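Protein chains in written order, with my numbering: chain A, 1 to 213; chain B, 1001 to 1226.
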């Protein structure tokens, strides 16, 4: 096809002598190339490059009991709702007219953008982040020798009782993506203490009031 | 005046380097390709910054964007054993052919015995279908509610059988004097980003009810935008 044979037939004219036809040493490779590219296209299209990645998540052993145990000062609770809505409140939850005489908790709105959630977390987590960075600096300056020591110390700092504790709650209309995004953001901010827990009815009431606003 | 003769150029060109390259690429793709498994549902997982690879030995629950749950075990052997246990539990019989077919399948999302409000294909029918017909089935998901918690049983039996199989392999390896490497069984949840979290929570509850608290959430690797 691509080969044009310019040989005029072995020179059978002049002397009338028959000579062996000089055959071309080249073979027509076109069909083979066609096939090669066909296969190439096939494999390019069918191969999957992105291997699935996995994010580890541990759930509290007994969510309800655990939630009562969390009486930490430094806590932040995120509540996710429809249309990627994200609310949070600091510390403990106080319903209106509670017996402790505390002002009722109000929800603050934030969002999943860099200036929303990420900034908020960094601000709230700053003291621990500072310690984490100090430890890492020490490791770089070889004051901490083994990386296992570093890991242990980092875990200690992250799990300290004054470190920020994040509670993650989602209502019926939140999507799974929201939850994963939030957990991912916590991982990015190196937050060690977080738990996905169920919503309390009082919180749900507050959220519904906020949603219908 | 003599005419200037243009040299007759040969229209064929040397394709050898191109062919070399093409075959090199073909070889590369053939060796790296892992055949894409056809899943009954498309699950568009959300992205995260986690770069951990998914473990091999895994019981995977997929949740599609409608919130239907699908069950999958990677291990061929464990699949068949789990099916046996489920068959005994729910008093359904499967032929050897059906079992072999089941082992070849990927995830599935049909109940093993009828549940109220669903009259479509059951697992037995589903196994006997050919691949195209399976794709056409609108899977209702494996029931997870407390009355018909089939998903829970699948998980439980899968876990038991995986442990048994690992033990058998360990015994065999020890008898042969080989070192036994065991990758512990993990539980993975592959949910669609658009799925309602409440549906994922139900699946998680099935796990936590069985004292399984550690999961791998399957995500895509996030493309950095910073």
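Where is the CB? At the ideal position from N, CA and C, for every residue including glycine. Note that this is a predicted model, so its numbers are computed, not measured.
Coarse secondary structure for residue i, derived from DSSP in three states
i                      : result
residue 56 (chain A)   : strand
residue 125 (chain A)  : coil
residue 67 (chain A)   : Annotation note: pLDDT 49 at residue 67 (chain A) (below 50); position unreliable, no value reported.
residue 1216 (chain B) : strand
residue 1006 (chain B) : coil
residue 112 (chain A)  : coil
residue 88 (chain A)   : strand
residue 190 (chain A)  : coil
residue 3 (chain A)    : Residue placement at residue 3 (chain A) is flagged as unreliable, the pLDDT there being 49, under the threshold of 50; a coordinate-derived value is accordingly withheld.
residue 1013 (chain B) : coil
residue 196 (chain A)  : strand
residue 22 (chain A)   : coil
With 16 other Cβ atoms within 10 Å as the buried cut-off, status of residue i
i                      : result
residue 1109 (chain B) : buried
residue 152 (chain A)  : exposed
residue 168 (chain A)  : buried
residue 124 (chain A)  : buried
residue 1042 (chain B) : exposed
residue 1004 (chain B) : exposed
residue 1088 (chain B) : exposed
residue 1182 (chain B) : exposed
residue 55 (chain A)   : buried
residue 1156 (chain B) : buried
residue 1167 (chain B) : exposed
residue 1081 (chain B) : buried
residue 1180 (chain B) : exposed
residue 1141 (chain B) : buried
residue 208 (chain A)  : exposed
residue 214 (chain A)  : Absent from the model: residue 214 (chain A). The displayed extent of chain A is 1 to 213, so no value can be given.
residue 1095 (chain B) : exposed
residue 1032 (chain B) : exposed
residue 126 (chain A)  : exposed
residue 1171 (chain B) : exposed
residue 1008 (chain B) : exposed
residue 1075 (chain B) : buried
residue 79 (chain A)   : buried
residue 1143 (chain B) : buried
Contact set between residue i and chain A, taken where Cβ atoms lie within less than 7 Å
i                      : result
residue 1075 (chain B) : The contacting residues do not exist; residue 1075 (chain B) stays about 17 Å from chain A at best.
residue 1019 (chain B) : 29, 32, 33, 36
residue 1015 (chain B) : 29, 33
residue 1026 (chain B) : 36, 39, 40, 43
residue 1173 (chain B) : What residue 1173 (chain B) touches in chain A: nothing, since even the nearest Cβ is about 27 Å away.
Under 8 Å from the C-beta of residue i: neighbouring residues of chain A
i                      : result
residue 1194 (chain B) : 175, 176, 177
residue 1216 (chain B) : 54, 55, 56, 57
residue 1213 (chain B) : 58, 59, 60, 61
residue 1054 (chain B) : 51, 52, 53, 54
residue 1102 (chain B) : Within chain A, no residue comes near residue 1102 (chain B); the closest Cβ sits about 23 Å away, beyond 8 Å.
residue 1022 (chain B) : 33, 36, 37, 40
residue 1069 (chain B) : Result: empty, since nearest Cβ-Cβ is about 13 Å, beyond 8 Å.
Extent of the continuous alpha helix (DSSP H) run through residue i
i                      : result
residue 158 (chain A)  : 147-158
residue 208 (chain A)  : 201-211
residue 32 (chain A)   : 30-46
residue 161 (chain A)  : Element bounds for residue 161 (chain A): n/a, residue is neither H nor E.
residue 1229 (chain B) : The question about residue 1229 (chain B) has no answer here: the residues shown for chain B are numbered 1001 through 1226.
residue 1155 (chain B) : 1150-1175
residue 1205 (chain B) : 1197-1209
residue 1089 (chain B) : 1076-1090
residue 1099 (chain B) : 1096-1104
residue 1134 (chain B) : 1131-1136
Partner residues on chain B for residue i, Cβ-Cβ distance less than 8 Å
i                     : result
residue 187 (chain A) : 1048, 1049, 1050
Limits of the beta strand (DSSP E) - the one that residue i falls within
i                      : result
residue 1186 (chain B) : 1186-1191
residue 78 (chain A)   : 75-81
residue 1029 (chain B) : No beta strand (DSSP E) contains residue 1029 (chain B), which is instead part of the alpha helix (DSSP H) from 1016-1032.
residue 1061 (chain B) : 1058-1063
residue 1072 (chain B) : 1069-1073
Within chain B, partners of residue i - CB distance below 9 Å
i                     : result
residue 172 (chain A) : 1196, 1197, 1198
residue 180 (chain A) : 1045, 1046, 1047, 1048, 1191, 1193, 1217, 1219
residue 184 (chain A) : 1046, 1047, 1048, 1049, 1050, 1219, 1222
Residue i Cβ short of 7 Å to the ligand FAD heavy atom set
i                      : result
residue 1149 (chain B) : Ligands in the displayed structure: none, and consequently the ligand FAD is not present.
Residues that residue i contacts on chain B, provided the C-beta gap is smaller than 7 Å
i                     : result
residue 44 (chain A)  : 1029
residue 108 (chain A) : Going along chain B, no residue has its Cβ under 7 Å from residue 108 (chain A), so there is no contact; the nearest lies around 21 Å.
Contacts of residue i in chain A (Cβ-Cβ under 9 Å)
i                      : result
residue 1206 (chain B) : Neighbours of residue 1206 (chain B) on chain A: none; closest Cβ ~12 Å, over 9 Å.
Cβ of residue i within 8 Å of any chain E Cβ
i                    : result
residue 39 (chain A) : No chain E appears in the structure shown, which is made up of the protein chains A and B.
* Asked: Is there contact between the segment 1019-1029 of chain B and the segment 36-56 of chain A, where contact requires at least three CB pairs shorter than 8 Å?
  -> yes
* **Sufficient close CB pairs (3 or more, under 8 Å) joining the segment 1188-1200 of chain B to the segment 1059-1073 of chain B** => yes
* **contact_flag[the segment 1155-1173 of chain B, the segment 125-141 of chain A] where n(CB pairs < 8 Å) is 3 or more** => no
* Asked: Are three or more beta carbon pairs between the segment 88-96 of chain A and the segment 180-188 of chain A nearer than 8 Å?
  -> no
* Asked: Are the segment 1201-1211 of chain B and the segment 16-36 of chain A touching by the rule of at least three beta carbon pairs closer than 8 Å?
  -> no
* **At least three beta-carbon pairs within less than 8 Å, the segment 1205-1219 of chain B to the segment 1185-1197 of chain B** => yes
* Kindly confirm or deny that the segment 1038-1058 of chain B and the segment 1107-1125 of chain B touch, where touching means at least three C-beta pairs closer than 8 Å. => yes
* Three CB pairs or more closer than 8 Å across the segment 1122-1136 of chain B and the segment 1048-1055 of chain B -> no
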